[in-house]
Structure formats: C-alpha cells, structure tokens
Amino acid sequence: MKKKRFEKHSQLLFFYLRGSKRFFLASVLFSFMVSMLDLINPRIIAFTVDSVIGDEESSLPGFVLAWIDTLPGGAGYFKTHLPVIALVVIMVAALAVICRYFFRLMNSKGQEKLVRRMRDTLYDHIIHLPLQWHNDNQTGDIIQRCTSDVDTVRRFLAEQLTNLVRVVILITMSILFMLQINVKLTLVAIALVPVIISYSFVFHRKIGKSFQVVDDMEGRLSAMVQENLTGVRVVRAFGKERYERERFAKANEEYMNTWVHLMQLLAFFWSSGDLVSGLQVLLIVSFGAVLCVNGQLTAGEYIAFISYNAMLTWPVRALGRVISEMSKAGISIERISYIMNSEEEQDGEDVTDAVNMGGDIVFDHVSFAYAVSKKEEKPEKEAVPVLTDVSFTIPAGSTVGILGGTGSGKSTLMHLLDRLLELDPEDPTRGSISIDGVDIRKIKREYLRKNIGIVLQEPYLFSGTLAENIAITSEEIEMQRVRDAARVAALDETVGKFTKGYETYVGERGVTLSGGQKQRTAIAQMLLRKPPIMVFDDSLSAVDAETDARIRKALEEESKDTTTILIAHRISTLMHADKIIVLDHGKIVEQGTHDELLAKKGLYRKIFDLQQPAEAS
Ligand SMILES: Nc1ncnc2c1ncn2[C@@H]1O[C@H](COP(=O)(O)OP(=O)(O)O)[C@@H](O)[C@H]1O
Ligand SMILES: [Mg+2]
Numbered sequence: 005m006k007k008k009r010f011e012k013h014s015q016l017l018f019f020y021l022r023g024s025k026r027f028f029l030a031s032v033l034f035s036f037m038v039s040m041l042d043l044i045n046p047r048i049i050a051f052t053v054d055s056v057i058g059d060e061e062s063s064l065p066g067f068v069l070a071w072i073d074t075l076p077g078g079a080g081y082f083k084t085h086l087p088v089i090a091l092v093v094i095m096v097a098a099l100a101v102i103c104r105y106f107f108r109l110m111n112s113k114g115q116e117k118l119v120r121r122m123r124d125t126l127y128d129h130i131i132h133l134p135l136q137w138h139n140d141n142q143t144g145d146i147i148q149r150c151t152s153d154v155d156t157v158r159r160f161l162a163e164q165l166t167n168l169v170r171v172v173i174l175i176t177m178s179i180l181f182m183l184q185i186n187v188k189l190t191l192v193a194i195a196l197v198p199v200i201i202s203y204s205f206v207f208h209r210k211i212g213k214s215f216q217v218v219d220d221m222e223g224r225l226s227a228m229v230q231e232n233l234t235g236v237r238v239v240r241a242f243g244k245e246r247y248e249r250e251r252f253a254k255a256n257e258e259y260m261n262t263w264v265h266l267m268q269l270l271a272f273f274w275s276s277g278d279l280v281s282g283l284q285v286l287l288i289v290s291f292g293a294v295l296c297v298n299g300q301l302t303a304g305e306y307i308a309f310i311s312y313n314a315m316l317t318w319p320v321r322a323l324g325r326v327i328s329e330m331s332k333a334g335i336s337i338e339r340i341s342y343i344m345n346s347e348e349e350q351d352g353e354d355v356t357d358a359v360n361m362g363g364d365i366v367f368d369h370v371s372f373a374y375a376v377s378k379k380e381e382k383p384e385k386e387a388v389p390v391l392t393d394v395s396f397t398i399p400a401g402s403t404v405g406i407l408g409g410t411g412s413g414k415s416t417l418m419h420l421l422d423r424l425l426e427l428d429p430e431d432p433t434r435g436s437i438s439i440d441g442v443d444i445r446k447i448k449r450e451y452l453r454k455n456i457g458i459v460l461q462e463p464y465l466f467s468g469t470l471a472e473n474i475a476i477t478s479e480e481i482e483m484q485r486v487r488d489a490a491r492v493a494a495l496d497e498t499v500g501k502f503t504k505g506y507e508t509y510v511g512e513r514g515v516t517l518s519g520g521q522k523q524r525t526a527i528a529q530m531l532l533r534k535p536p537i538m539v540f541d542d543s544l545s546a547v548d549a550e551t552d553a554r555i556r557k558a559l560e561e562e563s564k565d566t567t568t569i570l571i572a573h574r575i576s577t578l579m580h581a582d583k584i585i586v587l588d589h590g591k592i593v594e595q596g597t598h599d600e601l602l603a604k605k606g607l608y609r610k611i612f613d614l615q616q617p618a619e620a621s
C-alpha cells in the first residue's frame with residue numbers, strides 16, 4: 005500500500021481525526037450550549053435587582069419581555085412568586101449540568117478514539133520502516149514521540165481546540181451583552197483586551213522554542229534510560245553504575261533546569277497577566293460605580309456588567325493558553341510527522357513472487373557502505389565501505405560456508421540478501437544479487453524474507469514461553485514439530501532440565517537463556533518453518549565444539565535440498581561445506597572446498613593451523 009506524505013501539519017491532524025471528528029463536533033456543540041446557559045444567569049440577576057426588587061425598566065431581550073407581559077401583573081408577578089425565579093435559575097443550572105456531562109462524555113470518547121488511531125498508525129508505520137531508519141534513530145526518542153508527543157497533540161485537539169470555541173463564544177457574547185447594557189463602559193472593558201491578547205501571543209511565540217528544547221531533552225533522557233536498561237548487564241559487568249548514574253544525573257539536572265527556567269517564564273506571564281486583568285476589573289468597578297451614581301446605569305445592570313466582565317477575563321487569558329498549547333502541539337506534530345513522513349519499505353510496481361527460491365543465488369560485484377554520522381549531530385554522514393566487489397555463486401541446494409573475522413562484512417552480506425539493507429538502486433557499480441536469475445530488488449520483500457531464514461548472530465527472544473518462541477512464525481503451536489525442531493537444534497537436553505520444559509517463560513521477564521541456548525532456540529525456530537534458503541550467521545559461535553558438531557550433523561540430514569549458508573569464524577563449523585568463501589575486510593580473498601583451500605596455503609590455511617591446536621585440546 006502506497007502511503008501518502010503529509011505536507012502540512014493540518015493534513016496529518018485531519019488524518020488522525022478520522023473516526024473521532026464527530027465526537028469532537030458533538031462536544032463542541034455541547035460546550036457551546038454550556039457557554040450560552042452560563043450567559044443567562046447575570047441577566048436574571050439584573051432583572052431581579054432592577055425590576056423585581058426595584059421598579060426599573062428591564063433590559064431583557066424583547067421576546068422574554070413579551071412572555072413576562074403575558075403573566076398576570078407583568079413583571080410584578082414575580083414580586084409575589086419569587087420561587088419562580090429560583091426555579092428558572094435551577095432549571096438553567098440543571099440544563100448546563102446535563103450539557104457539561106455530554107460535553108465531557110463526547111470529548112473523552114473522541115480523545116480515546118483519536119489516541120488509539122494515532123498510536124495504531126504510528127506503530128504500523130514504524131514497524132514498516134527500513135532497518136536503516138531504525139539504525140539512525142534512537143529507540144528511546146521514538147518511544148517518546150509515540151507517547152509524550154501523542155499526548156500533547158491529544159490534549160491540544162481535545163482541550164484547547166474545544167476551548168477555543170468556548171472562548172470565542174464567551175468573548176463575543178459577553179461583549180454583545182455588555183454593549184447592550186452600556187456602550188461606554190464596554191469600551192473601557194475591552195480597551196485592554198488587545199493588549200492582553202498580543203502580550204500573550206508574543207510571549208508564547210517566544211517560549212515555543214524553549215518547549216522544543218525541553219522536548220528534545222526529554223527524548224535524550226528517555227533514550228539514555230532505554231539504552232541503560234537494555235544494556236544493564238554490561239553496565240554491571242564493567243562496574244559502570246556510578247559513571248552511568250552521574251551521566252544520567254547530569255542530563256536530568258540539565259532537563260530540570262530548563263524546565264524550571266520555562267516555568268519561571270510562565271509564572272511571570274501568568275502573574276503579570278493577573279496584574280493587567282486586576283487593573284481592568286478595577287477600572288470597570290470604579291467607572292461603573294460613577295455611572296451608577298450618575299443614574300446612567302441601574303444597580304442590576306452594574307452587577308450584571310461586572311459578571312460579564314469577569315466572564316471576559318477567563319477567555320481572554322485562555323486565548324493565550326490556546327496559543328501556547330498550539331506552539332507546543334505544533335512541535336509535537338512536527339516530531340510525529342517526522343516519523344509518519346519517513347518512507348516505509350515499499351515494493352516497486354513490478355515486483356514478483358513467481359521466483360523459484362530454490363534456485364542459484366548469485367552475488368555479482370556487490371559493494372556496500374554504511375552511512376555513519378561523524379559525530380552525534382545528525383546531518384553529516386560519512387560512507388564507510390564495508391564490502392568491496394564481492395562476487396560468488398551459491399548453487400541451488402548446496403551448502404556454502406563463509407569464513408571471516410569479526411567485522412569482515414559477513415552479516416552485512418546476509419542483510420543485503422534479505423534486503424534488510426538495500427543495495428543502492430541508483431548506482432549500478434554497487435552490483436546486484438539474484439536468486440534463480442531474478443534480481444532480488446524485483447522480488448516482493450515479504451516473499452523474499454519468508455523464504456530466506458536467517459538465524460541472527462544475536463537472536464532475540466520475545467517474552468513468552470519457549471514453545472511460543474520456537475513456533476513464533478506459525479499460527480498454531482504443534483508440540484510434536486516444536487520437539488522435533490528442538491531435537492535437531494540440540495536444545496532438547498537443555499529443555500529437559502527446565503522444570504516447566506517448553507512452557508518455561510523466556511525473554512525479558514522470564515528465564516535468561518545463555519547465548520548458546522538462545523542460538524539453539526533460534527535454530528529450532530528456523531527448522532520449524534524450513535525455508536528453502538537457510539542462513540546461519542555465526543549461529544554456532546556460542547555453543548561448544550561438540551554440540552556444534554552434533555547440530556551440524558543433524559542439520560545435514562534435515563537440509564538435503566535446501567540452500568544453506570553457514571557463516572562462522574571457526575573452521576570446523578563449515579569445513580564440510582560444498583564451497584567455502586574466505587572474506588577479509590569486505591573482500592573475497594579465497595574460495596573453494598576445504599581441501600582446495602588447505603592446498604592453497606593462503607589465509608584459510610593460516611587460520612586452520614591457528615585453530616587446530618585449540619580445537620584438539
Ligand atoms: N548498522 C551499521 N552501521 C554502521 N556500520 C556498521 C553497521 N553494522 C555493521 N557495521 C560495520 O560494518 C563492518 C562489517 O560488519 P558485519 O557485517 O557485522 O561483520 P561480521 O558479521 O563479519 O562480523 C564492521 O566494521 C561494522 O563495524
Ligand atoms: Mg556478523
């Protein structure tokens with residue numbers, strides 16, 4: 005599926021709002037009704053003071069006055085029926101309560117649906133991003149974008165955007181009502197409004213940057229925690245606890261200081277804002293009192309006006325908050341769209357899955373370089389060549405061994421084969437890899453990977469039982485097949501020692517398996533699905549020579565017609581292969597059978613001689 009790019013932040017927001025929009029619209033509607041109901045009470049108070057307690061003309065809207073006129077005795081009716089006013093006040097309040105309830109309900113539903121959609125789409129996108137992207141980005145930072153940034157966007161859409169509607173209604177309506185009561189006093193009241201709004205606007209633009217700094221810092225902090233938790237054994241083993249603790253403490257303190265600075269700015273903003281609002285209230289109260297004494301304003305109108313003015317204070321201040329949240333949300337959306345706009349692994353139009361994966365595999369003049377950042381700063385990348393002009397053929401159904409020291413490029417070669425890494429399509433000099441004559445770039449990725457089984461050098465077990473891990477690619481766990489695979493992988497004895505056997509919990513929260521046990525679990529995992537191409541990337545490095553021999557023997561039987569690639573730095577692991585390729589610093593230095601290579605008296609022979617005594621002892 006071709007995913008679109010989100011050129012503008014609003015596009016991404018609308019994409020996320022799919023499914024939750026109607027709930028937010030409903031919540032805005034209820035919020036509107038709450039605001040309207042809130043605006044009624046001051047008018048009732050004004051009417052009560054002026055026309056019920058006093059004998060002034062009422063300034064209520066025409067249709068209400070017309071209704072009052074139909075009552076026996078007009079406005080005088082209320083003098084004898086005071087509870088009716090109370091009843092109206094209670095009814096208005098009750099209606100407002102009901103509207104508030106539905107506002108909250110609709111808003112929460114919208115929020116949950118929105119967040120779910122954001123998380124789902126992000127997760128789906130992230131797991132489809134190329135390995136290179138995952139290499140380039142820190143896990144902790146990605147997690148932060150998926151949690152804290154998602155939350156900021158949720159808060160903005162759910163709280164601030166609905167707030168905005170209320171704010172606009174309250175401001176317009178209170179100003180309208182105030183104008184109806186007294187124009188002069190209204191002008192005084194709104195004189196300071198532009199000042200407050202522009203002040204908060206300028207201010208929030210300024211702190212937008214600070215929020216970004218804080219966010220990035222938080223990302224770095226969680227990346228640090230994540231790294232340390234993952235590598236907790238290494239930290240312990242090297243007694244680096246103190247160093248790591250101090251490194252964390254330093255970053256944490258920096259983070260705190262930045263926050264404190266930001267909070268100081270905010271505190272200054274809110275309190276100076278309070279001062280301006282207080283000044284405005286003071287102006288209204290004193291100027292209104294003068295008008296009242298001069299008879300230009302009734303007592304009821306005075307009270308109502310002050311109520312409306314108080315209503316104006318909150319939304320004007322809130323407008324600043326909305327703008328502030330907007331800048332924060334803008335940054336979060338930017339950080340999320342960085343993920344959403346990263347290109348997923350995509351198959352071209354002309355890919356096929358009609359390929360005989362059991363055919364010859366040909367590496368043709370393959371060269372590869374990793375793009376590596378020079379320093380911690382991202383942009384500048386340096387190409388570090390890892391493979392140079394590697395050409396060899398793996399005949400269908402044969403077993404090929406690849407021998408080479410650590411860092412010689414063996415794993416890279418295999419990641420190129422199942423396209424976790426990509427050969428540069430723009431650059432033909434980078435060479436090509438084909439299976440049964442088809443360039444692997446023309447093979448559907450999913451199909452390719454399903455048919456190439458790689459036992460990774462450092463296998464990863466998921467939290468779950470051993471059986472679940474072995475049968476991870478199957479829909480159902482067939483215990484007989486799990487046991488058979490484990491037997492071939494020489495895992496059965498180990499399992500026999502666990503009291504719970506195959507039901508033993510492994511992975512992050514369970515029993516920690518040794519490197520060799522993990523490798524054998526991964527081998528069993530692959531044997532269960534028996535793909536036509538099997539790759540063992542240094543998969544026997546952590547098991548002892550005896551078990552190594554036992555597994556290889558069992559594998560030989562199992563893999564008669566599968567193409568097998570055995571990667572090792574121990575000659576005994578791959579000496580029985582049909583062909584052995586010797587890799588050194590990303591170049592092929594020799595290839596041939598064990599006997600041919602020994603006769604050549606080259607690097608292979610040298611390694612063989614070096615390893616002989618060690619193997620014998
Ligand atoms: N993701 C990566 N980014 C940058 N360099 C890498 C990456 N993976 C491996 N390398 C480098 O590429 C070289 C070959 O690595 P690799 O293929 O893993 O070797 P081998 O499997 O033979 O030990 C090494 O020098 C290693 O440091
Ligand atoms: Mg390797």
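Quick note, in this note's numbering, the sequence shown goes up one by one and the last residue is 621. Idealized CB from N, CA, C, for every residue including glycine. From a predicted model like this one, the values you see are computed outputs, not experimental measurements.
Query raised in the report: Comparing alpha-carbon positions, which option in 97, 274, 511 lies nearest residue 670?
Result: This structure cannot speak to residue 670, because the chain is shown only from 5 to 621.
Query raised in the report: Measuring CA to CA, which of 183, 143, 205, 149 is closest to residue 229?
Result: One-based indexing of the sequence shown puts residue 229 at position 225. Closest option to residue 229, Cα to Cα, is 143.
Query raised in the report: Looking at residue 385 and ligand 1, is the gap between the Cβ and the nearest heavy atom below 7 Å?
Result: Position 381 of the sequence shown holds residue 385. For ligand 1, not one heavy atom lies less than 7 Å from the Cβ of residue 385.
Query - Helix, strand or coil at residue 399 [DSSP, three-state] - result: Along the sequence shown, one-based indexing puts residue 399 at 395. Coil, per DSSP.
Query raised in the report: Alpha carbon to alpha carbon, what distance is there between residue 373 and residue 387?
Result: On the sequence shown, residue 387 is found 383 positions in, with the first residue counted as 1. On the sequence shown, residue 373 is found 369 positions in, with the first residue counted as 1. The straight-line gap from Cα to Cα measures roughly 6 Å.
Query raised in the report: Which two residues bound the contiguous alpha helix (DSSP H) that contains residue 555?
Result: As a first step, residue 555 is located in the sequence shown; it is residue number 551 there, counting from the start. First-last of the alpha helix (DSSP H) with residue 555: 549–562.
Query raised in the report: According to the Cβ coordinates, are residue 193 and residue 300 closer than 8 Å?
Result: On the sequence shown, position 189 is the one that residue 193 refers to. On the sequence shown, position 296 is the one that residue 300 refers to. Contact: no.
Requested in this report: Please confirm if the segment 173–180 is in contact with the segment 32–43, defined as three or more CB-CB distances below 8 Å between the two stretches.
Outcome: Per the Cβ contact rule, the segment 173–180 is in contact with the segment 32–43 (3 or more Cβ pairs under 8 Å).
Query raised in the report: If you run the structure through DSSP and keep just helix, strand and coil, what is residue 160?
Result: As a first step, residue 160 must be located in the sequence shown, where it is residue number 156. In this structure, DSSP gives residue 160 a helical state, which the three-state scheme calls helix.
Requested in this report: Could you name each continuous beta strand (DSSP E) segment of 3 residues or more that falls completely within the segment 421–465, going from the start of the chain to the end?
Outcome: Entirely contained in the segment 421–465, the beta strand (DSSP E) runs reaching 3 residues are, in chain order, 436–439, 456–459.
Query raised in the report: In whole angstroms, what is the alpha-carbon distance linking residue 5 and residue 12?
Result: Counting from one through the sequence shown, the residue named residue 5 turns up at place 1. Counting from one through the sequence shown, the residue named residue 12 turns up at place 8. Here residue 5 scores only 46 on pLDDT, less than 50, and its place in the model is too uncertain to base an answer on.
Report task. Under 8 Å Cβ to Cβ from residue 263, same chain only, skipping five residues before and after it: list those, please. Result -> Here residue 263 refers to the residue found at position 259 when the sequence shown is read from its first residue. Correct list, in chain order: 218.
Report task. Return yes when at least one heavy atom of ligand 2 lies under 7 Å from the C-beta of residue 461, else no. Result -> For the purposes of this step, residue 461 is taken as the residue at position 457 of the sequence shown. Yes - ligand 2 has a heavy atom lying nearer than 7 Å to the Cβ of residue 461.
Report task. Would you identify the three-state DSSP class for residue 363, choosing helix, strand or coil? Result -> Looking up residue 363 in the sequence shown gives position 359. In this structure, residue 363 counts as coil in the three-state DSSP scheme.
Report task. Tell me whether residue 148 is buried or exposed, calling it buried when 16 or more other Cβ atoms sit within 10 Å of its Cβ. Result -> By one-based count along the sequence shown, residue 148 stands at place 144. Burial call: buried.
Query raised in the report: Could you check where the beta strand (DSSP E) with residue 591 kicks off and where it finishes?
Result: Start at 1 with the first residue of the sequence shown, and residue 591 comes out as number 587. Per DSSP, residue 591 belongs to the beta strand (DSSP E) from 591–596.
Query - Collapsed DSSP secondary structure at residue 386 in the structure displayed - result: Translated into positions along the sequence shown, residue 386 becomes position 382. In the three-state DSSP reduction, residue 386 falls in the strand class (E or B).
Report task. Quick one: using the 10 Å Cβ neighbour count with 16 as the cut-off for buried, is residue 621 buried or exposed? Result -> Taking the first residue of the sequence shown as 1, we reach residue 621 at position 617. Model confidence at residue 621 stands at a pLDDT of 43, short of 50, so the residue's coordinates are unreliable; what they give is reported in the following sentence. Exposed: under 16 other Cβ atoms inside 10 Å.
Query raised in the report: Is DSSP giving residue 5 helix, strand or coil here?
Result: Here residue 5 refers to the residue found at position 1 when the sequence shown is read from its first residue. Note that residue 5 has pLDDT 46, beneath the 50 cutoff, so the model's placement of it is unreliable and the number below is only indicative. DSSP places residue 5 in coil when its eight states are reduced to three.
Report task. Can you give me the start and stop residues for the beta strand (DSSP E) that residue 10 sits inside? Result -> Stepping through the sequence shown from its first residue, residue 10 is reached at position 6. Unbroken run through residue 10: none, as it is neither H nor E.
Query raised in the report: Could you check where the alpha helix (DSSP H) with residue 278 kicks off and where it finishes?
Result: As a first step, residue 278 is located in the sequence shown; it is residue number 274 there, counting from the start. From DSSP, the alpha helix (DSSP H) with residue 278 extends over 245–297.
Query raised in the report: Do you know offhand how far residue 153's Cα is from residue 482's?
Result: For the purposes of this step, residue 153 is taken as the residue at position 149 of the sequence shown. For the purposes of this step, residue 482 is taken as the residue at position 478 of the sequence shown. Spanning the two alpha carbons is a distance of roughly 42 Å.
Query raised in the report: Any idea what DSSP makes of residue 543, helix, strand or coil?
Result: By 1-based counting over the sequence shown, the position of residue 543 is 539. In this structure, residue 543 counts as coil in the three-state DSSP scheme.
**Report entry** Beta-carbon gap between residue 436 and residue 427 smaller than 8 Å
**Finding:** As a working mapping, residue 436 is identified with position 432 in the sequence shown. As a working mapping, residue 427 is identified with position 423 in the sequence shown. Yes; because the gap between Cβ atoms is below 8 Å, this pair is in contact.
Query raised in the report: When DSSP labels each residue in this structure, what does residue 572 get in the three-state scheme?
Result: Your numbering for residue 572 matches position 568 in the sequence shown. Strand at residue 572.
Requested in this report: Using 7 Å as the cut-off, classify the Cβ of residue 414 as near or not near the heavy atoms of ligand 2, replying yes or no.
Outcome: Here residue 414 refers to the residue found at position 410 of the sequence shown. For ligand 2, at least one heavy atom lies less than 7 Å from the Cβ of residue 414.
Requested in this report: Please look up how many angstroms separate the CB atoms of residue 622 and residue 413, rounded, as I've assumed it's under 8 Å.
Outcome: As shown, the chain starts at 5 and ends at 621. That puts residue 622 outside it, with no answer to give.
Query - Rounded C-alpha distance that separates residue 345 from residue 10 - result: Indexing the sequence shown from 1 puts residue 345 at position 341. Indexing the sequence shown from 1 puts residue 10 at position 6. About 7 Å.
Requested in this report: Express the C-alpha separation of residue 406 and residue 498 in angstroms, rounding to a whole number.
Outcome: Taking the sequence shown and counting its residues from 1, one reaches residue 498 at position 494. Taking the sequence shown and counting its residues from 1, one reaches residue 406 at position 402. Using only the alpha carbons, I get a separation of about 29 Å.
**Report entry** Classification of residue 341 by the beta-carbon crowding that lies within 10 angstroms, buried from 16 upward
**Finding:** The residue labelled residue 341 in the question sits at position 337 within the sequence shown. Buried.
Query - Anticipated Cβ contact below 8 Å, residue 132 with residue 472, distance rounded - result: The residue labelled residue 132 in the question sits at position 128 within the sequence shown. The residue labelled residue 472 in the question sits at position 468 within the sequence shown. The Cβ separation is near 24 Å, so there is no contact.
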